[in-house]
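S.K.: Just so you know, we're using the numbering used here here: the sequence shown kicks off at 1 and counts up by one.
Below: one structure in structure tokens.
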Amino acid sequence: MKNIVSVLGLGFALTFGGAVLAEGHNGFERGEGKGGHGGKGHMMKRMFSKLDLTDEQQTSIDALRDQMHDSMEALRGEGEREDLRAQMKSVVQAETFDEEAFKAMLASKHAKKTEAAVIKAKMKNGVWNVLTAEQQEQMTAMMDEKRERRGGKRGMRRDGGGLSK
1 MKNIVSVLGL GFALTFGGAV LAEGHNGFER GEGKGGHGGK GHMMKRMFSK LDLTDEQQTS
61 IDALRDQMHD SMEALRGEGE REDLRAQMKS VVQAETFDEE AFKAMLASKH AKKTEAAVIK
121 AKMKNGVWNV LTAEQQEQMT AMMDEKRERR GGKRGMRRDG GGLSK
């Protein structure tokens with residue numbers, strides 16, 4: 001009985017914990033309006049201000065960011081997160097555990113995360129290619145400096161991190 005309770009508790013934590021942590025984390029807007037330092041959008045604006053971007057470069061980067069945002073919104077879909085959460089809950093709370101159904105749901109969730117990572121990487125590549133060679137060097141130096149300040153750690157990111165190397 002203890003094992004069943006432990007497994008169910010772990011299942012709930014895995015199923016619902018990520019969704020709670022992910023709430024409100026949508027690309028460049030993450031953290032805005034919540035106090036603190038403004039999240040990733042603030043950091044990127046600071047970095048780009050140090051690069052002395054031309055108006056044309058800034059317009060191109062804004063377009064890339066908007067395109068990424070639209071692609072991420074389309075990927076999320078209307079109510080899909082809630083549907084998946086409800087499906088996972090029903091599998092976890094069922095009388096008998098359907099391992100194949102749960103694996104299929106996880107595979108679907110993983111495929112979406114992979115696609116989101118591809119969308120972000122394309123945007124980062126686009127931004128990188130908008131920069132001049134000198135600005136790319138500056139960006140690489142800033143990212144290296146930031147990494148050194150954190151003791152070489154990349155932080156909690158799992159999607160590959162910044163634009164450098």
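Glycine residues also receive a C-beta, built at the ideal position from the N, C-alpha and C atoms.
Between the alpha carbons of LYS113 and LYS103, how many angstroms are there, rounded?
M.R.: Looking at the two C-alpha atoms, the distance is approximately 15 Å.
S.K.: Short of 7 Å in beta carbon distance, which residues of its chain neighbour GLY36, apart from the five on each side in sequence? Order them along the chain.
M.R.: Residue placement at GLY36 is flagged as unreliable, the pLDDT there being 45, under the threshold of 50; the coordinate-derived value follows with that caveat. Hits under 7 Å: none found.
S.K.: Take the Cβ of GLY24 as the centre, count every other Cβ of all protein chains shown within 10 Å, and call the residue buried at 16 or more, exposed below.
M.R.: In this prediction, GLY24 has a pLDDT of 43, which is less than 50 and means its spatial position is unreliable; what the coordinates show is noted afterwards. Per the 10 Å Cβ criterion, exposed.
S.K.: According to DSSP, is PHE97 helix, strand or coil?
M.R.: Looking at PHE97 - three-state DSSP - the assignment turns out to be coil, as it is neither helix nor strand.
S.K.: Measure the alpha-carbon distance for LEU53 versus HIS110 and round it to whole angstroms.
M.R.: Near 36 Å, if we compare the C-alpha coordinates of HIS110 and LEU53.
S.K.: With DSSP collapsed to three states, give me the class of HIS37.
M.R.: The pLDDT assigned to HIS37 is 46, lower than 50, so where the model puts this residue is not dependable, and the model offers no usable value.
S.K.: What's the gap between the Cα of ALA107 and the Cα of MET44?
M.R.: Cα-Cα distance, rounded: 32 Å.
S.K.: Would you mind giving the Cβ-Cβ distance between MET123 and LEU64, rounded to the nearest angstrom? I have them listed as a contact below 8 Å.
M.R.: Yes, MET123 and LEU64 are in contact; Cβ-Cβ is about 5 Å, under 8 Å.
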